[in-house]
Amino acid sequence: MPLVARLGSGIPLVARSREMTRLRAALDEAARGLAGAVLLAGDAGVGKTRLVDELASAADALVLTGRCLDVGETGLPYLPFTEALGQVREAGLLDISARPALGRLLPELALPVSQDSSGLSGLPSHLVGRRPEQDVGQLQLFDAVHGMLGDLAESQPVLLVLEDLHWADASTRYLLSFLFSRLRSQRLLIVGTYRSDDLHRSHPLRPLLNELVRLPAVHRLDLTPLSAIDARSFVAALADDLPDDVVLEVAERSDGNPFFAEELIAVATDGSGIPWTLAEVLLARIERLSPAAQHVVRVASVGGRSVRHDLLREVAGTDDVALDGALREAVQHHVLLVNRNEVYTFRHALLREAVYGDLLPGERVRLHSAYAARIAAMPDHRGAAAALAHHSLESHDLACALRASVDAAHEAQAAGAPAEALRHLEQALKLWSAVPAAERPAGVTELRLLRRASWVAGTAGQPERAIAFARSGTLLVDAEAPEEAAEMWRRFAQALQVLDGTEDEKYAAIEAAWHLVRDRPASPARAWVLAVWAAALRHDRKYTEARERAEEAVRDGRAAGAESAVADALATLGLLDEAATDVASARSHLEAAVACAMEAEAVSTELRARYFLGMHHYDLGELPDALRVFDEGMARAKETGLSWSSYGLELRILQVLTRYYTGEWESAAVAAEPPGLRVSSTVSARLAAAGTHVTVSRGEFEQAERLIGELRSDWHRDLQIALITGGTGAELALWRGQPELAVERITDAIEWSRQEGGDWALAGIRLAALGVAGHAEIAARARRRRDAVAESAAVGAGHELAEYARTTAELGSPRTGSMGPEGRAWLARVAAEESRLDGPGDPGLWRAAADGFAFGSVFEEAVCRWRLAETLLAADQRDAAITELRLADAVADRLGAVPLRDSVHLVARRARVALHAETTRSHVDPFTPRERSVLGLVALGRTNREVGEELYISEKTVSVHLTRIMAKLGASRRAEAVAIAYDRGLLEQPSFPDA
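For the record, in the sequence shown the residue sitting at position 136 is 142 according to the working numbering, with numbers rising by one throughout.
Structure follows, in structure tokens:
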């Protein structure tokens, strides 16, 4: 046997010290609790795998690896995660009972049984409003993988290596995005590799990479070709017996690509000259094999990058002895590698591509046909249907490809991979008309395929395609099968409701569905048409019609045993009762909806009902009850693996806000995203926005400023992000003594709200209150400067904003039909802030505002009491002011509300008030009247000369007074003297401190 050149993996790593340093630093940071990800990019053969192998071999961590394969080579979605999970199980660290959804990744475990055995006719319950459709199985799987990695990282650092992401299936890409956007404090490093030279303009990985690199925990590392010097060092180390001129030629011809260099050396050692193209180089290695080994390698190339031994034996058609000899030769020549479970893998994907590309067309068809025959004859296993579809299509057996595509779609959906299910369904639809009716799969119709394709397209994040499939389906409906036709029209309406501007077509679709089943007996199809119709009518405030449809849906659903439709309609009735201000009936219907959905195991409908039940309590100011419902809802979402579903997210956001309002700030901060991190997804952005309440009110100003600034670019994702951060951004500016910035932020938020949410969004009342507060501060500063023009402008703008709030309260449309306690409290706050535009403020209005927030919003109540105390002191009602200051101070201390506490303490110092049990200290003014005048002007930033001019004394006299002042205060500089005077309450300063 000729000499076989050794591989680069057999020598020390050459010229990659910079890249290894960055990778090791990232792993060290992960070990310290700062999770991260590195995207390692480079051309094929440049050494990405060798680099991550080097990192993994020296890592003091649990190392998990997985590799993507080209579409068609495997029938398994999430393949790299399946491989990694297998390693977790082998290490004895996997508890499937704790996270059952992980079973979707294990091929040997049975997939969950769908409600419809064919996987084509049943549809999950719908979502109301313009929220994206979501696949429950996929959400549960994502949550389980995220939780498992977090659990593993608690006991030791975890290094997860995912190779060849340029071949990642769509579901793997979605899971990757999910994990990357949730890298926080886990001891986890994810390293992903991909071929940068394969990423053409329309490559599906490209937009994901553009999104991922914006995340703060994600870094890109480009692995460039070796330099000329490094290439020569690599070649010399790899083949130290080659003549120098050959070493130089190989190094030059390899263009710094280590894999190309290895293959060139293999040819050079054979003494047959060096070919020019990469394909020729790769095939030269194959041509050195015996004819029997070449045959086996060609057969293996049709099977994909990896192929099982038993399948290869059957397709190759050779006896075991001859096959073993051929495989041994291929392994010795570094063409194939032996993996676990008797699987042979090409050493590099480029080798397999070169061999497959060298096959003749007839040879390919024949081998694909042989693979299809063997797969069809084997016992059914996970991924077999997709592999059979691929080989049947390549061998032009369209009938078999159609049947296998339908089966593969069912399997992919059961595995929580809607994008792969869609790919298989699209293939089936393409083949449908080309396959004779007699050879099509039994029990499957084109209409069912279209309806299922519409659903999986929606859950795969492609709403336009979902609409297109559903619209095509409506053209095929048969009035002789009214229930099935109605289901198709209902699906069309569901697909349309996700997008704006489709209201007319949506109602036309629902009415078409109703026309088909109007005169039919009760059935699940009829009940669901009515439930969807009722929800759509309620969303558009057509309450009378909505109630009629919802009540009929409940009757039909109970008669037909469609409990999930009953639960959905009961939730709609509860919302209609709220709009009619029938509190008791609303609560009864919503609680019944929760119970009914739980009994029907309709988890999405259950979470929707829990969300609206919590909102019901929240809108009534019953915050403890609201928090109980939100906590129970989140517990159910976590239990069912739907923490990140649409309503799981809504429940979590309201859980954060309610805990903030009730003063449970620590748990609110835990439930929200950590502050100070750049965010990009809507999920993270909405949670981070909710968390800014705590961040600002605690006085974590630098983190809050950075986060609010970054969230500004996410306003387009969801109006609530703008409404929340517009307000918290203004509060931040006010606490920092920047009222002009506060007014600017409020103006921006109100304009955005009017543009995106209509002229009279009720959240505008809170924004207006903070804006009036900003104008009041600007007016007060102008009065101190005796700037009448600026004062008048601020006062006028403040009154105008207050009038906007009153008009919004009058013309806005509360969700429950009437404004709740929170809205009324903020309206009272507007009036109180407006009273400060012309002076110290009205104590009666501030007391009304404080009483308004007493429904449970403890921090806002304390803020109003602080302001009330100021107005009481100005009205010479000292004892009442002391009471309010002490109440506000107690809340600020309990919550850790540093800005409020400092402001309360400042007012107390000015008034010589003891906030705690000790008696009031009587302060003796240490300054003469002249010294006090000098110090006051210095505090305003005046120079000695300006002070002298204003007090009609010489600059030298000013200097003498300052010397005495600094001596009395123990200060060495004038700025220090001013600071000490403020701290001791010896100087007045603006109401909003410059924190």
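Glycine included, C-beta positions come from ideal geometry on N, C-alpha and C.
Item	Value
How about the region 720–737 and the region 762–777: do they share at least three Cβ pairs that are nearer than 8 Å?	yes
With DSSP run on the structure shown, which of helix, strand or coil describes residue 473?	helix
Does the region 863–870 come into contact with the region 818–835, if we say contact requires no fewer than three beta-carbon pairs (one atom in each stretch) closer than 8 Å?	yes
Since residue 43 sits in a beta bridge, which residues does DSSP pair it with?	196, 224
Which stretch, first to last residue, makes up the alpha helix (DSSP H) that contains residue 1?	In the structure displayed, the chain extends from 7 to 1001; residue 1 sits before or after that span and is not available.
Exposed or buried, which one is residue 162 when buried takes at least 16 other CB atoms within 10 Å?	exposed
Cutting at 6 Å between CB atoms, please list the residues of its own chain near residue 479, excluding the five before and the five after it.	453, 456, 457, 494
How about the region 324–343 and the region 293–309: do they share at least three Cβ pairs that are nearer than 8 Å?	yes
Check each candidate in 322, 312, 311, 285 and name the one with the smallest Cα separation from residue 297.	322
Round the Cβ separation of residue 657 and residue 142 to the nearest angstrom and send it over; I've been treating them as touching at under 8 Å.	Residue 657 to residue 142, Cβ: 15 Å. No contact.
Across the region 934–950 and the region 902–921, are there enough close Cβ pairs to call them in contact, namely three or more that are closer than 8 Å?	no
With 16 other CB atoms within 10 Å as the buried threshold, where does residue 949 fall?	exposed
Whose C-beta lies closer than 8 Å to the C-beta of residue 48 among residues of the same chain, with five residues either side of it excluded?	54, 199, 201, 202, 228, 229, 230
Report yes if the C-beta of residue 993 is less than 7 Å from at least one heavy atom of the ligand GDP; otherwise report no.	As for the ligand GDP, it is missing from this structure, which has no ligand bound.
DSSP puts residue 164 in a beta bridge; with which residues?	68, 194
Can you find at least 3 beta carbon pairs, one from the region 363–381 and one from the region 332–351, that sit closer than 8 Å?	no
In this structure, does DSSP put residue 324 in helix, strand or coil?	coil
Would you please state the rounded distance, in angstroms, between the beta carbons of residue 175 and residue 425? I believe it to be under 8 Å.	7 Å
Considering only the alpha carbon of each residue, which of 52, 418, 530 lies closest to residue 1025?	Nothing about residue 1025 can be reported from this structure: the residues present for the chain run from 7 to 1001 only.
Let me know the alpha helix (DSSP H) ranges lying completely inside the region 707–790, each 4 residues or longer, listed in chain order.	707–717, 725–741, 745–763
Keeping to the same chain, check which residues put their C-beta closer than 6 Å to that of residue 100; ignore five residues upstream and five downstream.	94
For the putative contact between residue 622 and residue 596, defined by C-beta atoms under 8 Å, what is the C-beta separation to the nearest angstrom?	6 Å
Going by DSSP, what residue range makes up the alpha helix (DSSP H) through residue 591?	589–606
Is the Cβ-Cβ distance between residue 257 and residue 226 less than 8 Å?	no
Grab the span of the alpha helix (DSSP H) containing residue 84 for me, first residue to last.	Looking at the DSSP string, residue 84 is not in any alpha helix (DSSP H), and its letter there is neither H nor E.
Please classify residue 18: is it buried, with 16 or more other beta-carbons within 10 angstroms of its beta-carbon, or exposed?	exposed
My guess is that residue 149 and residue 650 are in contact by the Cβ rule of under 8 Å, so how many angstroms apart are they, rounded?	6 Å
In whole angstroms, what is the alpha-carbon distance linking residue 855 and residue 894?	14 Å
Excluding five sequence neighbours on each side, which residues of the same chain lie with their C-beta closer than 7 Å to the C-beta of residue 869?	906
Quick one, which of 980, 718, 741, 729 has its alpha-carbon nearest residue 706's?	741
Who are the near neighbours of residue 970 in its chain, counting only those whose CB is closer than 8 Å to its CB and skipping five residues on each side?	937
Going by beta-carbon coordinates alone, are residue 71 and residue 89 separated by less than 8 Å?	yes
Would residue 626 pass as a contact of residue 589 if the rule is Cβ separation under 8 Å?	yes
Return the bridge partner residues of residue 351 from the DSSP annotation.	312, 343
Going by DSSP, what residue range makes up the alpha helix (DSSP H) through residue 449?	Neither: residue 449 is in no alpha helix (DSSP H) and is coded neither H nor E.
Do the region 411–426 and the region 366–380 meet, that is, are 3 or more Cβ pairs less than 8 Å apart?	no
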